[in-house]
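Heads up, the thing below is written out as structure tokens.
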Amino acid sequence: MTHDHFPTTHATWLAEQIGGSNEGVARHIMDRYFEPLRVYVKGSSLRNFGDSADLVNDFFAARLGDASYLARWSQSGIPLRRWLLNGLLLHVRNRAIAESRRRTRGDAGVGGEGRTNGAHEAHVPEPHALHALERAWAISLVTEAHDRVRDALTREHRAPHWEVFRLHVLHGLPYADACPMAGVPTGNGANIVRSVSKRMATTLSELLARDGVAQAEVDDELALIQRMVAR
Numbered sequence: 032m033t034h035d036h037f038p039t040t041h042a043t044w045l046a047e048q049i050g051g052s053n054e055g056v057a058r059h060i061m062d063r064y065f066e067p068l069r070v071y072v073k074g075s076s077l078r079n080f081g082d083s084a085d086l087v088n089d090f091f092a093a094r095l096g097d098a099s100y101l102a103r104w105s106q107s108g109i110p111l112r113r114w115l116l117n118g119l120l121l122h123v124r125n126r127a128i129a130e131s132r133r134r135t136r137g138d139a140g141v142g143g144e145g146r147t148n149g150a151h152e153a154h155v156p157e158p159h160a161l162h163a164l165e166r167a168w169a170i171s172l173v174t175e176a177h178d179r180v181r182d183a184l185t186r187e188h189r190a191p192h193w194e195v196f197r198l199h200v201l202h203g204l205p206y207a208d209a210c211p212m213a214g215v216p217t218g219n220g221a222n223i224v225r226s227v228s229k230r231m232a233t234t235l236s237e238l239l240a241r242d243g244v245a246q247a248e249v250d251d252e253l254a255l256i257q258r259m260v261a262r
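So the working numbering is basically just the index in the sequence shown, starting at one, shifted up by 31.
Now the structure itself:
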């Protein structure tokens, strides 16, 4: 699979797309953020308002077609995952309040009473569920970075370098085992892993910038990712 290269400046790929056709942006957001947001719903009181997948899909349908919603994000300085979470919380809260008002008027609306209890508190992020979202997001980002670096090394005819990295870093094999399995000299193992690790860090930085993380905050976000995936 061929991936685009994204600049490391805050003038990110997503921001550059906003104002034109939102289809590519919406597809990217749904692909990247559906699962973290769904994980948040499942781990929070939002699960009382409906099925986790349905709530996230309903939020995406309501917001991602609105170019002004994404334009406001691009000017906010907020990482995209937090902007989307804030939007999801507000969306569910407003939907629950609307359902409550319909019932007050005698219209049953959608869902039962349990879905509107606590509607006014639904906009407050819950720490445990937020941690679950951050972890799901971090794993997704690292997985994409792995795919990009592996594909780039394959195109460069250096697939064995990825194999050494995978065996040593991801599976914990010593160089004495990993290097022969990958078909490279054992003495080259440390240099190979350092080189691939540097590319991984660069790729993660690019992906963070693409999704609205300011350059000054990249190191903190990389540290957060490391903590999340290590658990």
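Don't be surprised by glycine CBs; every beta carbon is placed ideally from N, CA and C.
Asked	Found
Is residue 260 closer than 8 angstroms to residue 176 when the C-beta atoms are compared?	no
Quick check on residue 54: buried or exposed, where buried means 16 or more other Cβ atoms within 10 Å of its Cβ?	exposed
Which class does residue 106 belong to by DSSP, given the choice of helix, strand or coil?	coil
Relative to the C-alpha of residue 220, which candidate in 78, 242, 230, 207 has its C-alpha closest?	207
Mind checking whether residue 119 and residue 87 have CB atoms under 8 angstroms apart?	yes
Please name the residue, chosen from 245, 85, 111, 237, that lies closest to residue 165 on a Cα-to-Cα basis.	111
Please state if the CB of residue 231 and the CB of residue 180 are separated by a distance shorter than 8 angstroms.	yes
Just to confirm, is the Cβ distance from residue 128 to residue 95 under 8 angstroms?	no
Can you list, in chain order, the residues of its chain with a C-beta nearer than 7 angstroms to that of residue 143? Leave out the 5 residues immediately preceding and following it.	Only weak support exists for where residue 143 lies, its pLDDT of 47 falling under 50; the coordinates are left without a value.
Rounded to whole angstroms, what's the CA-CA distance from residue 103 to residue 97? Just pull it up for me.	10 angstroms
Along the chain, where does the alpha helix (DSSP H) that runs through residue 202 open and close?	Looking at the DSSP string, residue 202 is not in any alpha helix (DSSP H), and its letter there is neither H nor E.
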